[in-house]
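*Asks:* Everything in the sequence shown is counted per our numbering, starting at 22 for the first residue and increasing by one.
Cβ atoms here follow ideal geometry from the backbone N, Cα and C, with glycine treated the same way.
Before anything else, here's the structure in question.
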Amino acid sequence: MNMRGFAAGACALPAFLILCFAADPKAPLGLPPLSWPKDNRYSAAKVELGRYLYFDRRLSADDTVSCASCHDPRYAFTDGAAVSTGIKSQKGNRSAPTIINRGYSLAQFWDGRANSLEEQAKGPMANPIEMGNTHDAIAGRLRGIAGYRPMFAAAFATEEITIDRVAMAIACFERTVLSGNAPYDKYKRGDKKAMTPGQVRGMAVFFDKAKCDKCHEGANFTLNAYSNLGVGADQPEPDVGRFAVTKDPRDWGVFKTPTLREIEHTAPYMHDGSLPTLEDVVEFYNKGGIKNRNLDANIKPLNLTDPEKKDLVAFLKALSGEGWQGVKAPEDFPK
Numbered sequence: 022m023n024m025r026g027f028a029a030g031a032c033a034l035p036a037f038l039i040l041c042f043a044a045d046p047k048a049p050l051g052l053p054p055l056s057w058p059k060d061n062r063y064s065a066a067k068v069e070l071g072r073y074l075y076f077d078r079r080l081s082a083d084d085t086v087s088c089a090s091c092h093d094p095r096y097a098f099t100d101g102a103a104v105s106t107g108i109k110s111q112k113g114n115r116s117a118p119t120i121i122n123r124g125y126s127l128a129q130f131w132d133g134r135a136n137s138l139e140e141q142a143k144g145p146m147a148n149p150i151e152m153g154n155t156h157d158a159i160a161g162r163l164r165g166i167a168g169y170r171p172m173f174a175a176a177f178a179t180e181e182i183t184i185d186r187v188a189m190a191i192a193c194f195e196r197t198v199l200s201g202n203a204p205y206d207k208y209k210r211g212d213k214k215a216m217t218p219g220q221v222r223g224m225a226v227f228f229d230k231a232k233c234d235k236c237h238e239g240a241n242f243t244l245n246a247y248s249n250l251g252v253g254a255d256q257p258e259p260d261v262g263r264f265a266v267t268k269d270p271r272d273w274g275v276f277k278t279p280t281l282r283e284i285e286h287t288a289p290y291m292h293d294g295s296l297p298t299l300e301d302v303v304e305f306y307n308k309g310g311i312k313n314r315n316l317d318a319n320i321k322p323l324n325l326t327d328p329e330k331k332d333l334v335a336f337l338k339a340l341s342g343e344g345w346q347g348v349k350a351p352e353d354f355p356k
């Protein structure tokens, strides 16, 4: 499991004509304060614009795919599928990671190829098998929708619509999608009844015996680094992972470690969606991953008993919290 490398103030905007700034959203219990980019500070108007853009299928080439198509609130901001489906029913080769708590990481995607949420937001829009559009076409399309102009003015002080502003608004919205105040957080705060006895035993397995926190460390249960677990390494044409980005042989088959927050709700698991259940994930680690030329040195058989496996799964479910469930798609979109 080791890895290499490394209430907002409300404002009424019925016509989106008011430039509205509010205090940064307070992180739920268990999470540290968010760090907002200097060039993309929080504002309620920007978050609201980003929410509309996030759910708007008109950003895709054929009006069929939005950001929410692959990162759907109904599935804890994933799509519940092994791999995602883009325009014209095209299939990708990786599972859609949740956007929950993504604001706590700079590098994005399984291979870390985007250096920020803003950069990540642009990627799928121009990917031919995802949203299949171009950045120029998206900006032009939005300029032709009169209802978006006052929203951009409220968020950015002018009506100018650019792909950078589109990405900034979406990223600003995504940074507000958080999960904390889980039973684990309450337990750590002192409420010893917040977790079940099995979850408490599982916590000991997680930290002491399995030492899962070597990678899944800290408040968000990830180091935001990379590791080779061997997932897919036994396939005829393995996904090379971060190696495609860095060309460093040490990065062959390594992938970014996801948060364990809301892991109960983000099945299937691993970068290729190959493990359907948390029980399957625990068994995969218990067996020591899949051997390959670049397997992380700390991936070894765990020798867990069946009761320990059960308790570990129970603990992982104690990381399901609050903060994201209220996000809803707009009922109507700007015309």
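Looking only at C-alpha atoms, which of 259, 251, 207, 270 sits nearest to residue 49?
*Replies:* As a first step, residue 49 is located in the sequence shown; it is residue number 28 there, counting from the start. The candidate whose alpha carbon is nearest that of residue 49 is 207.
*Asks:* Give the straight-line distance between the Cα atoms of residue 55 and residue 125, rounded to the nearest whole angstrom.
*Replies:* Your numbering for residue 55 matches position 34 in the sequence shown. Your numbering for residue 125 matches position 104 in the sequence shown. Taking the straight line from one Cα to the other gives about 7 Å.
*Asks:* Which residues mark the beginning and the end of the alpha helix (DSSP H) in which residue 307 is found?
*Replies:* Along the sequence shown, one-based indexing puts residue 307 at 286. Residue 307 -> alpha helix (DSSP H) spans 299-307.
*Asks:* Let me know the alpha helix (DSSP H) ranges lying completely inside the region 259-346, each 4 residues or longer, listed in chain order.
*Replies:* With a minimum length of 4 residues, the continuous alpha helix (DSSP H) runs that stay inside the region 259-346 are 264-267, 299-307, 327-338.
*Asks:* Does the region 250-268 come close enough to the region 82-97 to have 3 or more Cβ pairs within less than 8 Å?
*Replies:* Flag = no, the region 250-268 and the region 82-97 do not touch.
*Asks:* Below 7 Å CB to CB, which residues in the same chain sit around residue 197 once its five sequence neighbours on both sides are set aside?
*Replies:* Stepping through the sequence shown from its first residue, residue 197 is reached at position 176. Closer than 7 Å at Cβ, skipping near neighbours: 46, 68.
*Asks:* With distances taken from CA atoms, which of 62, 118, 52, 165 is nearest residue 279?
*Replies:* Position 258 of the sequence shown, counted from the first residue, corresponds to residue 279. Of the candidates 62, 118, 52, 165, the one whose C-alpha sits nearest the C-alpha of residue 279 is 118.
*Asks:* Identify which residue in 163, 292, 200, 148 has its Cα closest to the Cα of residue 347.
*Replies:* Your numbering for residue 347 matches position 326 in the sequence shown. With distances taken between Cα atoms, residue 347 lies closest to 200.
*Asks:* Evaluate residue 218 with the Cβ neighbour count: other Cβ atoms within 10 Å of its Cβ, from every protein chain shown; 16 or more gives buried, anything less gives exposed.
*Replies:* Along the sequence shown, one-based indexing puts residue 218 at 197. Under this definition residue 218 is an exposed residue.
*Asks:* Could you pull out every residue in the same chain whose Cβ sits closer than 6 Å to the Cβ of residue 94, ignoring the five residues on either side in sequence?
*Replies:* Start at 1 with the first residue of the sequence shown, and residue 94 comes out as number 73. Cβ neighbours of residue 94 beyond the five flanking positions: 348.
*Asks:* For residue 100, name the three-state secondary structure that DSSP assigns.
*Replies:* Counting from 1 along the sequence shown, the entry for residue 100 is found at position 79. Looking at residue 100 - three-state DSSP - the assignment turns out to be coil, as it is neither helix nor strand.
*Asks:* Hey, how far is the Cα of residue 212 from the Cα of residue 184?
*Replies:* Translated into positions along the sequence shown, residue 212 becomes position 191. Translated into positions along the sequence shown, residue 184 becomes position 163. The straight-line gap from Cα to Cα measures roughly 46 Å.
*Asks:* Is residue 144 helix, strand or coil by DSSP?
*Replies:* Along the sequence shown, read from residue 1 onward, the residue named residue 144 stands at position 123. It is helical.
*Asks:* What are the complete alpha helix (DSSP H) segments, minimum 4 residues, inside the region 188-228?
*Replies:* With a minimum length of 4 residues, the continuous alpha helix (DSSP H) runs that stay inside the region 188-228 are 204-210, 218-225.
*Asks:* Scan the region 77-131 and note each continuous alpha helix (DSSP H) run of 4 residues or more that stays entirely inside, going in chain order.
*Replies:* As far as the region 77-131 is concerned, its whole alpha helix (DSSP H) runs of at least 4 residues are 88-91.
*Asks:* In whole angstroms, what is the alpha-carbon distance linking residue 411 and residue 304?
*Replies:* Here the chain covers residues 22 to 356 and nothing more, so residue 411 does not appear.
*Asks:* Suppose you measure from the CA of residue 41 to the CA of residue 149; what does that come to, to the nearest Å?
*Replies:* For the purposes of this step, residue 41 is identified with residue 20 of the sequence shown, where counting begins at 1. For the purposes of this step, residue 149 is identified with residue 128 of the sequence shown, where counting begins at 1. Caution applies to residue 41, whose pLDDT of 34 falls short of 50 and renders its modelled position unreliable; the value that the coordinates give is listed next. Roughly 36 Å separates the two Cα atoms.
*Asks:* Which of the three DSSP states, helix, strand or coil, is assigned to residue 247?
*Replies:* Taking the first residue of the sequence shown as 1, we reach residue 247 at position 226. If DSSP states are grouped into helix, strand and coil, residue 247 belongs with the strands.
*Asks:* Check whether the Cβ atoms of residue 108 and residue 152 sit closer than 8 Å, and answer yes or no.
*Replies:* Working through the sequence shown from its first residue, we reach residue 108 at position 87. Working through the sequence shown from its first residue, we reach residue 152 at position 131. Contact: yes.
*Asks:* According to DSSP, which residues form a beta bridge with residue 135?
*Replies:* Here residue 135 is taken as the residue at index 114 of the sequence shown, counted from 1. According to DSSP, which records beta bridges pairwise, residue 135 is partnered with 129.
*Asks:* By the 10 Å Cβ neighbour count, where 16 or more other Cβ atoms means buried, how is residue 338 classified, buried or exposed?
*Replies:* Here the question's residue 338 lines up with position 317 in the sequence shown. Its Cβ being crowded by 16 or more others within 10 Å, residue 338 is buried.
*Asks:* Quick one: what does DSSP say residue 58 is sitting in, helix, strand or coil?
*Replies:* Counted from its first residue, the sequence shown places residue 58 at position 37. DSSP places residue 58 in coil when its eight states are reduced to three.
*Asks:* Just curious, the alpha helix (DSSP H) that residue 48 is in, first and last residue?
*Replies:* As a working note, residue 48 is residue 27 in the sequence shown. Segment: none, residue 48 is in no alpha helix (DSSP H) and carries neither H nor E.
*Asks:* Excluding five sequence neighbours on each side, which residues of the same chain lie with their C-beta closer than 7 Å to the C-beta of residue 136?
*Replies:* Here residue 136 refers to the residue found at position 115 when the sequence shown is read from its first residue. 127, 128.
*Asks:* Between residue 79 and residue 132, what straight-line distance do the alpha-carbon atoms span, to the nearest angstrom?
*Replies:* Residue 79 sits at position 58 when you count from the first residue of the sequence shown. Residue 132 sits at position 111 when you count from the first residue of the sequence shown. Between residue 79 and residue 132, the C-alpha separation is close to 27 Å.
*Asks:* Near residue 228, which residues of its chain fall below 6 Å by C-beta distance, leaving aside the five closest residues on each side in sequence?
*Replies:* Within the sequence shown, the letter at position 207 stands for residue 228. For residue 228, where only same-chain residues beyond five positions count, the Cβ hits under 6 Å are 234.
*Asks:* For residue 121, tell me which candidate among 96, 189, 237, 112 has the shortest Cα-Cα distance.
*Replies:* Walking along the sequence shown from the start, residue 121 turns up at place 100. Selected option, being the one with the closest Cα: 96.
*Asks:* Would you decide whether residue 51 is buried or exposed? Buried here means 16 or more other CB atoms lie within 10 Å of its CB.
*Replies:* Stepping through the sequence shown from its first residue, residue 51 is reached at position 30. Looking at its Cβ environment, which holds 16 or more other Cβ atoms inside 10 Å, residue 51 is buried.
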